[in-house]
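Colleague: Respectively, the protein sequence lines represent chains A and B. When we follow the numbering used here, the leftmost residue of the first sequence carries the number 49, and every step to the right adds one. When we follow the numbering used here, the leftmost residue of the second sequence carries the number 16, and every step to the right adds one.
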Amino acid sequence: DAGVIQSPRHEVTEMGQEVTLRCKPISGHNSLFWYRQTMMRGLELLIYFNNNVPIDDSGMPEDRFSAKMPNASFSTLKIQPSEPRDSAVYFCASSLDPVTDTQYFGPGTRLTVL
Amino acid sequence: TQLLEQSPQFLSIQEGENLTVYCNSSSVFSSLQWYRQEPGEGPVLLVTVVTGGEVKKLKRLTFQFGDARKDSSLHITAAQTGDTGLYLCAGARTTDSWGKLQFGAGTQVVVTP
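1) Inspect the CB distances between the region 138 to 147 of chain A and the region 71 to 84 of chain A and report whether three or more fall short of 8 angstroms.
2) If residue 30 of chain B sits next to residue 94 of chain B, beta carbons under 8 angstroms apart, how far is it from one beta carbon to the other, in whole angstroms?
3) If you follow the beta strand (DSSP E) that residue 58 of chain B is part of, which residue opens it and which one closes it?
4) At which residues does the beta strand (DSSP E) containing residue 39 of chain B begin and terminate?
5) With a threshold of 8 angstroms between beta-carbons, can residue 56 of chain B be considered close to chain A, or not?
6) Would you please state the rounded distance, in angstroms, between the beta carbons of residue 105 of chain B and residue 45 of chain B? I believe it to be under 8 angstroms.
7) Got a sec: which bits of the region 87 to 104 of chain A sit with their beta carbon under 7 angstroms from any beta carbon on chain B, in order along the chain?
8) Distance cutoff 8 angstroms, beta carbons only. Does residue 150 of chain A sit that close to anything in chain B?
9) Within 8 angstroms of any Cβ in chain B, is that where the Cβ of residue 155 of chain A sits?
10) Pull up the distance between the alpha-carbon of residue 100 of chain A and that of residue 32 of chain B, whole angstroms please.
11) Strictly below 9 angstroms CB to CB, what residues from chain B border residue 139 of chain A?
12) Using the rule of at least 16 other Cβ atoms within 10 Å of the residue's Cβ for burial, across every protein chain shown, is residue 74 of chain B buried or exposed?
13) Would you verify that the beta carbon of residue 118 of chain B is, or is not, closer than 8 angstroms to some beta carbon of chain A?
14) Our contact map puts residue 93 of chain A next to residue 85 of chain A with C-beta atoms below 8 angstroms; I'd like the distance itself, whole angstroms only.
15) For residue 91 of chain A, write down the residues that DSSP places opposite it in a beta bridge.
16) Does the distance between the C-beta of residue 83 of chain A and the nearest non-hydrogen atom of the ligand MN fall short of 7 angstroms?
17) Pick from B:25, B:49 and B:24: whose alpha carbon is nearest that of residue 118 of chain B?
18) Hey, would you say residue 95 of chain A sits closer than 8 angstroms to residue 82 of chain A, going by beta carbons?
19) Can the beta-carbon of residue 35 of chain B be found closer than 8 angstroms to that of residue 88 of chain B?
20) If we call anything under 8 angstroms between Cβ atoms a contact, is residue 89 of chain A one with residue 157 of chain A?
21) State the start and end residues of the unbroken beta strand (DSSP E) segment that holds residue 107 of chain B.
22) Closest to residue 75 of chain A by CA distance: which of A:145, A:159, A:160 and A:161 is it?
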């Protein structure tokens, strides 16, 4: 079975540009999570969805970040405009249930903002 | 400031040696998880502990949840080069927020032949 799929795997962009990260969760999973990992702050939860509805977005750093889940098989995380401090590895994870089930992480997107 | 403090930050040992990684907090967690992350990949869940004092074994790995549910440890016996990776602990504060995990900064373990 395919795991969580993220694209692109690497993204290099210039400050001020819009960046869109994509995630396809494991089929049948109802919950989807977006994380950011940096050396300084470790792994941080940005937002999570249950049944395509955003449940908790308290980890989203600021209004420049937005996330959508238009259907059960696709989610995007958008940064507009991007800044150098947004450089990090962004992970998407999915699970059958947000409370009791294991979260399965994708391979991540390494974002570099110049 | 990390809610979960992991120590040590880095550990280098030779194959066959034992090691212990710690995860400490001043807060109580309803559950605590341990993950291993390899370069270029996402974290992979190793174990979940939910009961104070609980001990779980996964082959050469032994996980313990503190009696007060504020701390945990991971012990590896006779480490192998395949155990190399970043070990992360993650806790959920209440039973209805298991999805909202808070991660420690991680312990980088390097096992050399």
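Built from N, CA and C at the ideal position, the CB exists for glycine as well. Since the model is a prediction, treat every value here as computed from it, not as a measurement.
Modeller: Inspection of the coordinates gives the following:
1) yes
2) On the second sequence, residue 30 of chain B is found 15 positions in, with the first residue counted as 1. On the second sequence, residue 94 of chain B is found 79 positions in, with the first residue counted as 1. Sure, about 6 angstroms apart at Cβ, within 8 angstroms.
3) Here the question's residue 58 of chain B lines up with position 43 in the second sequence. Unbroken run through residue 58 of chain B: none, as it is neither H nor E.
4) Here residue 39 of chain B refers to the residue found at position 24 of the second sequence. From DSSP, the beta strand (DSSP E) with residue 39 of chain B extends over 34 to 39.
5) For the purposes of this step, residue 56 of chain B is identified with residue 41 of the second sequence, where counting begins at 1. With its beta carbon less than 8 angstroms from one in chain A, residue 56 of chain B belongs to the interface.
6) Taking the second sequence and counting its residues from 1, one reaches residue 105 of chain B at position 90. Taking the second sequence and counting its residues from 1, one reaches residue 45 of chain B at position 30. Their Cβ separation, rounded to whole angstroms, is 12 angstroms, which puts residue 105 of chain B and residue 45 of chain B out of contact at 8 angstroms.
7) 90, 91, 93, 96 and 104
8) Your numbering for residue 150 of chain A matches position 102 in the first sequence. Cβ-Cβ to chain B under 8 angstroms: yes for residue 150 of chain A.
9) What you label residue 155 of chain A is simply residue 107 of the first sequence in a count that begins at 1. Yes, its Cβ sits closer than 8 angstroms to a Cβ of chain B.
10) For this step, residue 100 of chain A is matched to residue 52 along the first sequence. For this step, residue 32 of chain B is matched to residue 17 along the second sequence. Each residue's Cα considered, the two are about 46 angstroms apart.
11) Position 91 of the first sequence holds residue 139 of chain A. Those are 57 and 58, listed as they occur along chain B.
12) Residue numbering aside, residue 74 of chain B sits at position 59 when the second sequence is read from its first letter. So residue 74 of chain B counts as exposed.
13) Against the second sequence, residue 118 of chain B aligns to sequence position 103. For residue 118 of chain B, the answer is yes, since a Cβ of chain A falls inside 8 angstroms of its Cβ.
14) If you number the first sequence from 1, residue 93 of chain A lands on position 45. If you number the first sequence from 1, residue 85 of chain A lands on position 37. Cβ atoms of residue 93 of chain A and residue 85 of chain A stay farther apart than 8 angstroms, at about 11 angstroms.
15) Counted from its first residue, the first sequence places residue 91 of chain A at position 43. A:85.
16) Ligands displayed in this structure: none; no statement on the ligand MN is therefore possible.
17) Residue 118 of chain B sits at position 103 when you count from the first residue of the second sequence. With distances taken between Cα atoms, residue 118 of chain B lies closest to B:49.
18) Counting from 1 along the first sequence, the entry for residue 95 of chain A is found at position 47. Counting from 1 along the first sequence, the entry for residue 82 of chain A is found at position 34. Yes, these two residues count as a Cβ contact at 8 angstroms.
19) Position 20 of the second sequence holds residue 35 of chain B. Position 73 of the second sequence holds residue 88 of chain B. Against a cut-off of 8 angstroms, the Cβ pair of residue 88 of chain B and residue 35 of chain B comes out as a contact.
20) For this step, residue 89 of chain A is matched to residue 41 along the first sequence. For this step, residue 157 of chain A is matched to residue 109 along the first sequence. At a Cβ-Cβ threshold of 8 angstroms, residue 89 of chain A and residue 157 of chain A do not count as neighbours.
21) As a first step, residue 107 of chain B is located in the second sequence; it is residue number 92 there, counting from the start. Annotation: the continuous beta strand (DSSP E) that includes residue 107 of chain B extends over 100 to 107.
22) Here residue 75 of chain A refers to the residue found at position 27 of the first sequence. Closest option to residue 75 of chain A, Cα to Cα, is A:145.
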